[in-house]
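S.K.: Line order of the protein sequences matches chains A and B. Numbers in the numbering used here are just positions in the first sequence, counted from 1, shifted up by 57. Numbers in the numbering used here are just positions in the second sequence, counted from 1, shifted up by 57. Just dropping this structure here.
Number of protein chains: 2
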Amino acid sequence: MRRMKPLVNFVATLILMLAIACHGSEHGVNFNIFPLRMKTGSGGHYIPDVSCLSWRVGVEAHNIIDWKTVPQECEGYIGNYMLGDQYRADSKMVCAQAYLYAKTLNLTRDGRDIWVFDIDETALSNLPYYAHHGFGVEPFDRESFNEWVPLGIAPALPESLKLYNKLLSLGIKIVFLTGRPDHQREITAKNLKNVGYHTWKKLITKDPSYVGKTAVTYESAERKKLEEKGYRIIGNIGDQWSDILGTNTGNRTFKLPDPVYYIS
Amino acid sequence: MRRMKPLVNFVATLILMLAIACHGSEHGVNFNIFPLRMKTGSGGHYIPDVSCLSWRVGVEAHNIIDWKTVPQECEGYIGNYMLGDQYRADSKMVCAQAYLYAKTLNLTRDGRDIWVFDIDETALSNLPYYAHHGFGVEPFDRESFNEWVPLGIAPALPESLKLYNKLLSLGIKIVFLTGRPDHQREITAKNLKNVGYHTWKKLITKDPSYVGKTAVTYESAERKKLEEKGYRIIGNIGDQWSDILGTNTGNRTFKLPDPVYYIS
Numbered sequence: 058m059r060r061m062k063p064l065v066n067f068v069a070t071l072i073l074m075l076a077i078a079c080h081g082s083e084h085g086v087n088f089n090i091f092p093l094r095m096k097t098g099s100g101g102h103y104i105p106d107v108s109c110l111s112w113r114v115g116v117e118a119h120n121i122i123d124w125k126t127v128p129q130e131c132e133g134y135i136g137n138y139m140l141g142d143q144y145r146a147d148s149k150m151v152c153a154q155a156y157l158y159a160k161t162l163n164l165t166r167d168g169r170d171i172w173v174f175d176i177d178e179t180a181l182s183n184l185p186y187y188a189h190h191g192f193g194v195e196p197f198d199r200e201s202f203n204e205w206v207p208l209g210i211a212p213a214l215p216e217s218l219k220l221y222n223k224l225l226s227l228g229i230k231i232v233f234l235t236g237r238p239d240h241q242r243e244i245t246a247k248n249l250k251n252v253g254y255h256t257w258k259k260l261i262t263k264d265p266s267y268v269g270k271t272a273v274t275y276e277s278a279e280r281k282k283l284e285e286k287g288y289r290i291i292g293n294i295g296d297q298w299s300d301i302l303g304t305n306t307g308n309r310t311f312k313l314p315d316p317v318y319y320i321s
Numbered sequence: 058m059r060r061m062k063p064l065v066n067f068v069a070t071l072i073l074m075l076a077i078a079c080h081g082s083e084h085g086v087n088f089n090i091f092p093l094r095m096k097t098g099s100g101g102h103y104i105p106d107v108s109c110l111s112w113r114v115g116v117e118a119h120n121i122i123d124w125k126t127v128p129q130e131c132e133g134y135i136g137n138y139m140l141g142d143q144y145r146a147d148s149k150m151v152c153a154q155a156y157l158y159a160k161t162l163n164l165t166r167d168g169r170d171i172w173v174f175d176i177d178e179t180a181l182s183n184l185p186y187y188a189h190h191g192f193g194v195e196p197f198d199r200e201s202f203n204e205w206v207p208l209g210i211a212p213a214l215p216e217s218l219k220l221y222n223k224l225l226s227l228g229i230k231i232v233f234l235t236g237r238p239d240h241q242r243e244i245t246a247k248n249l250k251n252v253g254y255h256t257w258k259k260l261i262t263k264d265p266s267y268v269g270k271t272a273v274t275y276e277s278a279e280r281k282k283l284e285e286k287g288y289r290i291i292g293n294i295g296d297q298w299s300d301i302l303g304t305n306t307g308n309r310t311f312k313l314p315d316p317v318y319y320i321s
């Protein structure tokens, strides 16, 4: 029985990855969203009578911040969203805007124009992990997540991969900037290459000296270093507000959807 | 026939205002959102196969910026949104977050803690105007809008009014900061008072010296003056990203929904 669990998990992961891959190439199915009625909660954190759609949009618009978990009542809604067409459509929209912006730029093509890409839920998807952990209703389990990452099987987010390749063709260089720690660098690089992110100017992982500091602090510091080295951050894309806030954020920022977790 | 038009408009406006007022007090009806399929557009501005929901969320999340009109295909969707329960639920969520934040603060109650409120689509609703102008699909008609404003009959957004009163009860002072020009000050003050905004520390309208400058520039400058006078901007709420970006934005900002127009 114990030996079966990893196998079952792996098969489930493969199925999910297929689902993501198929949805990625599928355009066209209308997605009806039925907002769930949120029950009255205690402690003031849950808001009576507000749909999960309101919650999701609140997260995307930086109105709901510093949250630890998806509201219990929204597990089904968020699961449906993450596995369905709306997530694909929303991601496609963001990436299309990013590309429309990038192609209007007058680029010098001197190799110094860079686009900063976050990794988790931006370049790669951890949905296979989160599908087994209540789509964000469970408090973050670092130990468990750090068993998933080294498998190196996170799929590419299809719209992000498409954007990545389009930016490269415009002569823009890619810098991956991630909160993943230094010791996960090698497996992350392997995972990225395996799913199609074949080249980058830099892959910046988090040095232990940043432990205890916020993501905004870390990412701002690293972007500042890049600019001091002479790079021009013409675009910056991430799934967390902490990827695109702070200093040296870049000429324009784009936020991919992420109603599953929040990093401050 | 010509004399009938203002009367018909007025009656339609009254009906719309009733609709807003009734929705404001109504909690509970599930609102099904059916994203429209956007047709392939020319010129690169419209994005094939992306639902109007993706568009709306893109606007709220600052991914879609500098837009002049709502995409033609989304007129019905935006109209439904603005007249329906989702807009009310989304607004309620934002205002609930704002109040949850405000009541955690340790306030000195020295009269210097202020909350900056935008006016259009934040304190007051111009929905009766926009319902007659395609819910934002028509290019902005300043002349026509400036016939509507002096009527002084814009209704209060119910969730904003509720938040306003709750903030006052916490000892927070209100500063209205609006892009409406100085010559509309008197009618704006009258409109605000008529619908329940009974008091304020300041009502700041736009001085002619700001003509040609962006909204971000104007509002940042005015907020800076407030802070130089010793006020502490503990919160800032508006429907436009330009209300909450720039400098001296306040300790925390909140964005109310507005998929109808964009001010940069």
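Idealized CB from N, CA, C, for every residue including glycine. Here the structure is a predicted model, which is why all the values come from computation and not from measurement.
#1: Roughly how many angstroms separate the alpha carbons of A:Arg237 and A:Thr262, rounded to a whole number?
#2: Any beta-carbon of chain B closer than 9 Å to the one on A:Leu110?
#3: Note down, in chain order, all residues in the region 151 to 174 of chain A with a beta-carbon under 7 Å from any beta-carbon belonging to chain B.
#4: Bridge partners of B:Val173, per DSSP?
#5: Per DSSP, B:Pro314 forms a beta bridge with which residues?
#6: Relative to the C-alpha of A:Ile161, which candidate in A:Ile244, A:Ser321, A:Lys282, A:Asn308 has its C-alpha closest?
#7: List the residues that DSSP assigns as beta-bridge partners of B:Pro238.
#8: Three-state secondary structure (DSSP) at B:Ala155?
#9: Please report how far the alpha carbon of B:Ser148 lies from the alpha carbon of A:Lys286, in whole angstroms.
#10: Assuming the contact rule is C-beta atoms closer than 8 Å, B:Leu227 and B:Leu164 should be a hit. Round their C-beta distance to whole Å, please.
#11: Looking at the secondary structure, which residues open and close the alpha helix (DSSP H) in which A:Lys282 lies?
#12: Using a Cβ-Cβ cut-off of 9 Å, state whether A:Asp147 counts as contacting chain B.
#13: Measuring only the C-alpha atoms, how far is A:Tyr254 from A:Leu140?
#14: CB-CB under 8 Å to B:Ala272, same chain, minus the five flanking residues each way: which ones, in chain order?
#15: For A:Arg113, collect the residues of the same chain with a Cβ closer than 6 Å to its Cβ; drop the 5 residues on either side in sequence, then sort them by chain order.
#16: Check this for me: beta carbons of B:Val173 and B:Leu234, under 9 Å apart or not?
#17: Here's a check: name, in chain order, each residue in its chain whose Cβ is nearer than 6 Å to the Cβ of A:Ile121, leaving out the five neighbours to either side.
#18: So with CB distances below 8 Å, who are the chain B contacts of A:Asn293?
#19: Could you list which residues in chain A have their beta carbon closer than 7 Å to that of B:Ala118, in chain order?
#20: If you measure from the beta carbon of B:Gln143 to each beta carbon in chain A, is any gap under 9 Å?
#21: Could you spell out the range, first to last residue, of the alpha helix (DSSP H) harbouring A:Trp298?
#22: Where does the unbroken alpha helix (DSSP H) through B:Ile135 begin, and where does it stop?
#23: B:Ile231 and B:Ile291 - do their beta-carbons sit closer together than 9 Å?
#24: Tell me B:Ala213's beta-bridge partners as DSSP assigns them.
#25: Does B:Arg166 come out as helix, strand or coil in the three-state DSSP assignment?
#26: Given that a residue counts as buried once 16 or more other Cβ atoms are within 10 Å of its Cβ, and exposed if not, what is B:Asn222?
#27: Looking at chain A, which residues of the region 119 to 133 of chain B have a Cβ within less than 9 Å of any of its Cβ atoms?
M.R.: Straight from the coordinates:
#1: The alpha-carbon separation between A:Arg237 and A:Thr262 amounts to approximately 6 Å.
#2: Flagged as an interface residue toward chain B: A:Leu110, by a C-beta distance shorter than 9 Å.
#3: The region 151 to 174 of chain A vs chain B, Cβ under 7 Å: Val151, Ala153, Gln154, Leu157.
#4: B:Val232, B:Asn293.
#5: Its beta-bridge partners do not exist; DSSP assigns none.
#6: The amino acid occupying residue 161 of chain A in the given sequence is Thr; Ile does not appear at that position. Minimum Cα distance to A:Thr161 is reached at A:Asn308.
#7: Answer is B:Lys263, bridged to B:Pro238.
#8: Helix.
#9: Computed Cα separation, rounded: 44 Å.
#10: B:Leu227 to B:Leu164, Cβ: 6 Å. Contact.
#11: First-last of the alpha helix (DSSP H) with A:Lys282: 272 to 285.
#12: It does; some Cβ of chain B falls within 9 Å.
#13: Going by the C-alpha atoms only, they are around 23 Å apart.
#14: The beta carbon of B:Ala272 sits closer than 8 Å to the beta carbons of Gly236, Gln297, Ser299, Asp300, Ile320, Ser321 from its chain, once the five residues preceding and following it are set aside; these are given in chain order.
#15: Non-local beta-carbon contacts of A:Arg113 in its own chain, meaning distances under 6 Å to residues more than five positions away in sequence, involve Pro316 in chain order.
#16: Cβ atoms of B:Val173 and B:Leu234: closer than 9 Å.
#17: For A:Ile121, where only same-chain residues beyond five positions count, the Cβ hits under 6 Å are Gly115.
#18: When 8 Å is used as the limit between beta carbons, A:Asn293 is near no residue of chain B, the shortest such separation being about 12 Å.
#19: Near B:Ala118 (Cβ distances below 7 Å), the residues of chain A are Glu117, Ala118, Lys312.
#20: So yes, B:Gln143 belongs to the interface.
#21: Run containing A:Trp298: 298 to 301, per the alpha helix (DSSP H) assignment.
#22: Where B:Ile135 is concerned, the enclosing alpha helix (DSSP H) stretches over 132 to 140.
#23: Not a contact, by the Cβ cut-off of 9 Å.
#24: As DSSP reads the structure, B:Ala213 sits in a beta bridge with B:Leu181.
#25: Of the three classes helix, strand and coil, the one that applies to B:Arg166 here is coil, per DSSP.
#26: Using a 10 angstroms sphere on the CB of B:Asn222, the tally of other CB atoms stays under 16, which defines it as exposed.
#27: Taking 9 Å as the Cβ-Cβ cut-off against chain A, the residues of the region 119 to 133 of chain B that qualify are His119, Asn120, Ile121, Ile122.
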